[in-house]
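Using the working numbering, read the sequence shown as starting at 2 and increasing by one per residue.
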Amino acid sequence: MAGRRGAGATTPGDLGWFWRYGAEATAAAVRTWSRGGQILAVGLLDGPELLRLALAPDAQRDEEVAQQIVKDVTEPERGVLMEGDAFVAAPTGALVRELLVDDGWNVGEPWTPLQCDLTEPVEGPDVRIEVIGPEQAHVRAAVQRAAFDSSTFTDQRWHAMAAGLPYADARCPVAYDDQGNAVAAVTVWSAGPGKPGLLEPMGVHREHRGHGYGTAISIAAAAALQELGSSSATVCTPSSNVGAVATYTSAGFRRLPEIRDLRRSG
2 MAGRRGAGAT TPGDLGWFWR YGAEATAAAV RTWSRGGQIL AVGLLDGPEL
52 LRLALAPDAQ RDEEVAQQIV KDVTEPERGV LMEGDAFVAA PTGALVRELL
102 VDDGWNVGEP WTPLQCDLTE PVEGPDVRIE VIGPEQAHVR AAVQRAAFDS
152 STFTDQRWHA MAAGLPYADA RCPVAYDDQG NAVAAVTVWS AGPGKPGLLE
202 PMGVHREHRG HGYGTAISIA AAAALQELGS SSATVCTPSS NVGAVATYTS
252 AGFRRLPEIR DLRRSG
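As structure tokens, this is what we get:
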């Protein structure tokens, strides 16, 4: 329930969802910054104009790391980002954000993260939910295409995604109406027991909106992550998408402070 997948540092879920393009394409889209044999930052080139960054906790304010990242993303010959319009999504409080602003980058549109605490039992939704396996890949793919106008998701891409390492701790719940139609779908990604899990992506079939299925599948997503041992379920959507924010809050997610990516205008 988002347009351009923007603000938010890279997560296992972002890598897992990108894996629908295959292992080779995913490897080619990953950038790392290391020192002394230790990886301090990881970036996912989520398209030619968007770089998602994650930094090790002790590297958030590391000036050497931040300076190197800025150099790599601002010099086109280094091949990280295309020339012209570009976006960098980095953790709030990371020094690299401040250096990019000093270099002329602007703060982008606000995004709203939402989180559901999973330390208490999650009651399942009042619709039928099925977790998709290989035999039902076409169902998951069809709902995705019906939920997002620009989606190119296919059965083959589901199988490629499911073959990726991150999908070992992921699930694809699908909601059905009383007539047996697949009406909403979500993919959830666990980062391991006791750690936050992620919804990426969630969508409702365009012909079945307005009936509460977005809320139902969001509750099912939280329940699935709880079964995987996640401490919480997190999702991020543009703040301008008030319908999506309302859907998640009705499913028991609470709003967190807004975040913004950084934008360079070409």
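Cβ atoms here follow ideal geometry from the backbone N, Cα and C, with glycine treated the same way.
Residue interval of the alpha helix (DSSP H) (run including residue i)
i    : result
F19  : 13-19
A224 : 214-228
T250 : 243-251
A142 : 138-148
Rounded separation between residue i and residue j - CA only
i    : j    : result
V144 : A30  : 26 Å
A87  : L51  : 6 Å
L226 : G198 : 6 Å
S241 : G37  : 43 Å
L46  : A90  : 10 Å
A186 : A217 : 10 Å
A148 : G215 : 11 Å
D118 : W112 : 20 Å
Q61  : L100 : 12 Å
Y22  : V175 : 22 Å
Cross-strand partners of residue i (DSSP beta bridge)
i    : result
F88  : L51, R264
D156 : Its beta-bridge partners do not exist; DSSP assigns none.
V189 : R172, L200
E131 : V175
First and last residue of the uninterrupted beta strand (DSSP E) at residue i
i    : result
S233 : 233-239
Where residue i sits in the DSSP three-state scheme
i    : result
P122 : coil
P194 : coil
A95  : coil
P167 : helix
L101 : helix
A57  : coil
| Sufficient close CB pairs (3 or more, under 8 Å) joining the segment 181-192 to the segment 220-236 | yes
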